[in-house]
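Which chain is which? The protein sequence lines are Y and S, in order. Quick note on numbering: my numbering labels position 145 of the first sequence as 202, and the sequence is numbered without any gaps. Quick note on numbering: my numbering labels position 227 of the second sequence as 286, and the sequence is numbered without any gaps. Every residue gets a Cβ at the ideal spot worked out from N, C-alpha and C, and that includes glycine. Only a predicted model underlies this, so the values are computations on that prediction, with no experimental measurement involved.
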Amino acid sequence: MTNTTSPHHGKALSLLREMLYIRLVEETMATRYAAQEMRCPVHLSIGQEAIAVGVCQALRQSDRVFSTHRCHAHYLAKGGNLNSMLAEIYGKDAGCIGGRGGSMHLTDPEKGMIVSVPIVSSSIPLAVGSALADKIDQVDRVSVTFFGDASVEEGVFHESANFASLNKLPVLFVCENNLYSVYTPLRERQPARPLTDLAKAHGMKGIAADGNDVDAVLAVTQEAAEHARSGKGPVFLVFDTYRWREHCGPNFDNDIGYRTEAEYLDWKRRDPVEQQKTKLVTAGSLNSHDLESMKSHLQETINNAFEFAIAAPLPQPSQASQFVYA
Amino acid sequence: MANTRIISTGDAIRDGLTEIACKDPSVIFLAEGVADPSSVYGTIAGLRNHIAPERIIEMPVAENALTGVAIGAAMMGKRPVLSFHRVEFALLAMEQIVNNAAKTHYISRGRHRVPIVIRLVVGRGWGQGPEHSQSLESMFALIPGLKVLMPTYPKDAKGMIISAVEDDNPVIVIEHRWCHYAQGVVPDGYFTEPLDGPRAIREGKDLTIVSSSYMTLEAMRAAEQLEKLGVSTTVFDLRVARPLILDRVFASVMQTGRLMTVDTGFRKFGLGAEIVSEVTANCFDKLKAAPVRIGMPDHPTPSSRGLVPGIYPDAIRIVREASAGLGIAQNKIEYAVAELIAQRKGLPIDVPDPFFKGPF
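Below you can see the structure in the form of structure tokens.
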């Protein structure tokens, strides 16, 4: 690795490493998906890594994250265990919840990755409830709810935003606007207006930033977390980004007619991982050798995790009826 | 021995909630009008005299989110008590109840718990109509992970509501508005009643009735008349619709050979359907007659008192259907029915009957 002691450089490098790590995990999943051993739906975050990483790097381990069906990046960015994640997706007993949920239910409570819920907007009020508990107990903590652009079409988002704002709860509402709900573009689902106007409607602070620029995501999330921690209430963060691959599954789908190859390529030029690399290289704090070394280290870790998951035993059918009641 | 008082089921629930709120600081309350002059029919009135105001949370008119908020707080160690003025408002919150409340423990492999109580009130009579009178317990009882309670009597209601709050699972408590008026002897102070299923509140050898909530009050009145007709009846107050534990009912039907179920909700797909099915499967060779199910008819419930005769089940229907199956002479049945009508002292059918005075 490049020899430097600058804390900013260290942070910039770790942001890159985190994003690259998530990218490589999901690309490896995509490559191996055809083997049909990951027998559950997978919703990849490739292209959207800067949001998960920028937000989570602005948080403390004790802060709590609530996610959705597209939860891999959030889980990994919050420090979730990779072996447990892959074992879960492979349906193994060693999975984070023993194969009960698969890819859409990743959780690692010790790391503050509380829960992932695949019904649109369903986990938003849970984050607000977590913040309510903290406010009652006067605990210094932020609860973060990640969701997509379609989530703001759900009533429960507005109900949750209203209650959080009314009670000045320490919640970050993080909207990852990837422009599509499955195949339907935002413009066919919502009127043309800045998404941050939704924050105004609920009397809360709203900030928009480039969701493919991890530094920008980190900076506004730090500002938002400070705001929430200081008792000033929740913040609505809007990050524009783009999902490179299909809504659900490992493939590219620019050929099926709902969006264009040109649009994809335009967003690909703004690849969050490449942009961060370029910044570091331009600043002279990263060279190609270091980058390759970083990449190969990460890939080795990832390959080992896949081998672990593949070799791990399946759960027993008798376990299916456990944990219905506490 | 604790001192006792004669109070209503509604007041008993309030007392139970107040007891557990004072005992356990993690208990919080959410409702629309949580501390308004009505305070959910008085059932959560006066909490501010006992606990800190931050534990009494006004709920904007947002049932789904606030149920989710309560679930999120429960996952983090609170014991929220959420109150809805009618069952129907909880329909707005079914996503949170069915997905997050019922499954978070399972999906987290036991790491998260959701100790939440959701109180739902059922209306009857006084023109409640199609969307203020539904008793939808079977919708909730369908879902693994939920517990579903239907308290009837004051003492039981107080002990059950405390047990519900102390339970580490999501508990749906379905309270019939007309049970709120039932009077009975209730011990002061803290006590619990086990959430262990049906309780025989009358023992007999000819017929087993399993009824829930308000219909237990009607079933008990019917059983008195049946006794005069020579029919000795066991009446079970179901109390807990999920988990449905029917061992005591099986044992009773093994003796009586006859089963009747009486629901506050719809007859079709109602609790009675499940109970009859289980009893038939377990006691088939002991049954002397086909089980009988009584419940609401297969259409929405209208408002007008001109339309409701015959819709809400009552003691008269129970007596008629039970007697018919036992070959009782028609004139005797009419005499028993006349007595039941006389007991109402001319009250219209759409108001609660003052007959449910304890002690029970």
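Distance, residue j Cα to residue i Cα
i: Ala-110 (chain S); j: Cys-81 (chain S); result: The sequence given here places Ile at residue 110 (chain S); Ala does not occur at that position. Their Cα atoms are separated by approximately 7 Å.
i: Ala-197 (chain S); j: Phe-295 (chain S); result: Going by the sequence as given, residue 197 (chain S) is Ser instead of Ala. C-alpha separation (whole angstroms): 18 Å.
i: Pro-418 (chain S); j: Leu-150 (chain S); result: Bear in mind that a pLDDT of 43 at Pro-418 (chain S), under 50, signals an unreliable position, so the number given afterwards is only what the model happens to contain. Spanning the two alpha carbons is a distance of roughly 35 Å.
i: Ile-130 (chain S); j: Val-120 (chain S); result: 17 Å
i: Lys-325 (chain Y); j: Arg-107 (chain S); result: 58 Å
i: Pro-356 (chain S); j: Phe-325 (chain S); result: 6 Å
i: Pro-96 (chain S); j: Gly-105 (chain S); result: 10 Å
i: Glu-225 (chain S); j: Arg-258 (chain S); result: 21 Å
i: Thr-339 (chain S); j: Thr-358 (chain Y); result: 58 Å
i: Leu-77 (chain Y); j: Val-271 (chain Y); result: 12 Å
i: Thr-460 (chain Y); j: Arg-73 (chain S); result: Absent from the model: residue 460 (chain Y). The displayed extent of chain Y is 58 to 383, so no value can be given.
i: Ile-65 (chain S); j: Gly-248 (chain S); result: 14 Å
i: Gly-263 (chain S); j: Arg-307 (chain S); result: 13 Å
i: Thr-62 (chain Y); j: Asp-165 (chain Y); result: Caution is warranted here: a pLDDT of 47 is assigned to Thr-62 (chain Y), below 50, making its placement in the model unreliable, and the coordinate value is therefore given only provisionally. Thr-62 (chain Y) and Asp-165 (chain Y): Cα-Cα distance of roughly 32 Å.
i: Thr-59 (chain Y); j: Asn-344 (chain Y); result: Confidence in Thr-59 (chain Y) is poor, its pLDDT being 43 and thus under 50, which makes the residue's placement too unreliable to answer from.
i: Glu-277 (chain S); j: Gly-365 (chain S); result: 21 Å
i: Thr-251 (chain S); j: Glu-216 (chain Y); result: 35 Å
i: Pro-174 (chain S); j: Met-219 (chain S); result: 14 Å
i: Gly-127 (chain S); j: Met-118 (chain S); result: 12 Å
i: Gln-114 (chain Y); j: Thr-278 (chain Y); result: 9 Å
C-beta atoms of residue i and residue j nearer than 8 Å
i: Ile-193 (chain Y); j: Arg-114 (chain S); result: yes
i: Val-122 (chain Y); j: Gly-158 (chain Y); result: no
i: Val-196 (chain Y); j: Leu-116 (chain Y); result: no
i: Arg-172 (chain S); j: Ala-184 (chain Y); result: no
i: Ser-222 (chain Y); j: Gly-290 (chain Y); result: yes
i: Gly-263 (chain Y); j: Val-295 (chain Y); result: yes
i: Leu-101 (chain Y); j: Ala-92 (chain Y); result: no
i: Ile-154 (chain Y); j: Glu-233 (chain Y); result: no
i: Ala-273 (chain Y); j: Ala-282 (chain Y); result: no
i: Pro-302 (chain S); j: Lys-162 (chain S); result: no
i: Glu-145 (chain Y); j: Ala-130 (chain Y); result: no
i: Ser-160 (chain Y); j: Ala-151 (chain Y); result: no
i: Ile-116 (chain S); j: Val-93 (chain S); result: yes
i: Ser-180 (chain Y); j: Ser-238 (chain Y); result: no
i: Asn-123 (chain S); j: Gly-212 (chain Y); result: yes
Where the alpha helix (DSSP H) through residue i begins and ends
i: Gly-131 (chain S); result: 122–134
i: Lys-334 (chain Y); result: 329–339
i: Ile-175 (chain S); result: Careful: Ile-175 (chain S) lies outside any alpha helix (DSSP H) and carries neither H nor E.
i: Pro-368 (chain S); result: No alpha helix (DSSP H) contains Pro-368 (chain S), which DSSP labels as neither H nor E.
i: Met-319 (chain S); result: Premise fails: Met-319 (chain S) lies in the beta strand (DSSP E), 318–325, not in any alpha helix (DSSP H).
i: Ala-397 (chain S); result: 389–402
i: Thr-315 (chain S); result: 306–315
i: Glu-337 (chain S); result: 330–342
Endpoints, beta strand (DSSP E) assigned at residue i
i: Gly-354 (chain S); result: 351–355
i: Arg-261 (chain S); result: 258–261
i: Ile-233 (chain S); result: 230–235
i: Arg-301 (chain S); result: 299–301
Partner residues on chain Y for residue i, Cβ-Cβ distance less than 7 Å
i: Ala-160 (chain S); result: Those within 7 Å of Ala-160 (chain S) in chain Y number zero; the least Cβ separation is about 10 Å.
i: Gly-256 (chain S); result: Going along chain Y, no residue has its Cβ under 7 Å from Gly-256 (chain S), so there is no contact; the nearest lies around 14 Å.
i: Gly-369 (chain S); result: None at all; the shortest Cβ gap to chain Y is about 39 Å.
i: Glu-154 (chain S); result: Ile-176 and Ser-179
i: Asp-227 (chain S); result: Ala-383
Cross-chain neighbours of residue i in chain Y, by beta carbon under 8 Å
i: Ile-130 (chain S); result: Pro-182, Leu-183 and Gly-186
i: Gly-204 (chain S); result: Val-381 and Tyr-382
i: Gly-218 (chain S); result: Going along chain Y, no residue has its Cβ under 8 Å from Gly-218 (chain S), so there is no contact; the nearest lies around 20 Å.
i: Glu-113 (chain S); result: Lys-192 and Ile-193
i: Met-134 (chain S); result: Ile-171, Val-172, Leu-183, Gly-186 and Ser-187
Cross-chain neighbours of residue i in chain Y, by beta carbon under 9 Å
i: Glu-147 (chain S); result: What Glu-147 (chain S) touches in chain Y: nothing, since even the nearest Cβ is about 17 Å away.
i: Ile-87 (chain S); result: Leu-189, Ala-190 and Ile-193
Neighbouring residues, chain S, relative to residue i (Cβ below 8 Å)
i: Arg-157 (chain Y); result: Tyr-165, Ile-166 and Arg-168
Closer than 9 Å at the beta carbon, the chain S residues around residue i
i: Thr-164 (chain Y); result: Ile-166, Ser-167, Arg-168, Arg-170 and His-171
i: Asn-219 (chain Y); result: Pro-119, Ala-121 and Ala-124
Cβ-heavy atom distance, residue i to the ligand GTP, below 7 Å
i: Val-174 (chain Y); result: Summarising the ligand content, the structure contains no ligands, and the ligand GTP is consequently not present.
Listed by chain order, chain S residues near residue i by CB distance under 7 Å
i: Ile-154 (chain Y); result: Ile-166, Ser-167 and Arg-168
i: Val-213 (chain Y); result: Asn-123, Ala-124 and Gly-127
| task | Inspect the CB distances between the segment 184–200 of chain Y and the segment 222–236 of chain Y and report whether three or more fall short of 8 Å. | result | Judged by Cβ distances under 8 Å, the segment 184–200 of chain Y makes contact with the segment 222–236 of chain Y, as three or more pairs qualify.
| Does the segment 299–316 of chain Y come within contact of the segment 245–253 of chain Y, defined as at least 3 CB pairs closer than 8 Å? | Put simply, the segment 299–316 of chain Y does not touch the segment 245–253 of chain Y. Fewer than three CB pairs are less than 8 Å apart.
| task | State whether the segment 239–250 of chain S contacts the segment 353–364 of chain S, with contact taken as three or more CB pairs (one from each stretch) at a distance under 8 Å. | result | Fewer than three pairs of CB atoms, one per stretch, sit closer than 8 Å, so the segment 239–250 of chain S makes no contact with the segment 353–364 of chain S.
| query | Given 8 Å as the limit, is there contact between the segment 316–323 of chain S and the segment 375–383 of chain S, that is, 3 or more CB pairs closer than that? | reply | Short answer: they touch.
| Counting Cβ pairs, one atom from each stretch, are 3 or more of them under 8 Å apart for the segment 227–234 of chain S and the segment 174–185 of chain S? | Contact between the segment 227–234 of chain S and the segment 174–185 of chain S is present, because at least three Cβ pairs lie under 8 Å.
| Hey, is the segment 331–345 of chain Y in contact with the segment 291–306 of chain Y, meaning 3+ C-beta pairs nearer than 8 Å? | Taking a cut-off of 8 Å on C-beta distances, the segment 331–345 of chain Y does not touch the segment 291–306 of chain Y, as fewer than three cross pairs fall below it.
| query | Taking contact to mean at least 3 C-beta pairs separated by less than 8 Å, is the segment 156–174 of chain S in contact with the segment 325–337 of chain S? | reply | At 8 Å Cβ cutoff, the stretches do not touch.
| Three CB pairs or more closer than 8 Å across the segment 206–225 of chain S and the segment 356–373 of chain Y | These segments do not touch.
| Is the segment 385–395 of chain S close to the segment 297–311 of chain S, with three or more CB pairs under 8 Å? | Result no; under three Cβ-Cβ pairs closer than 8 Å.
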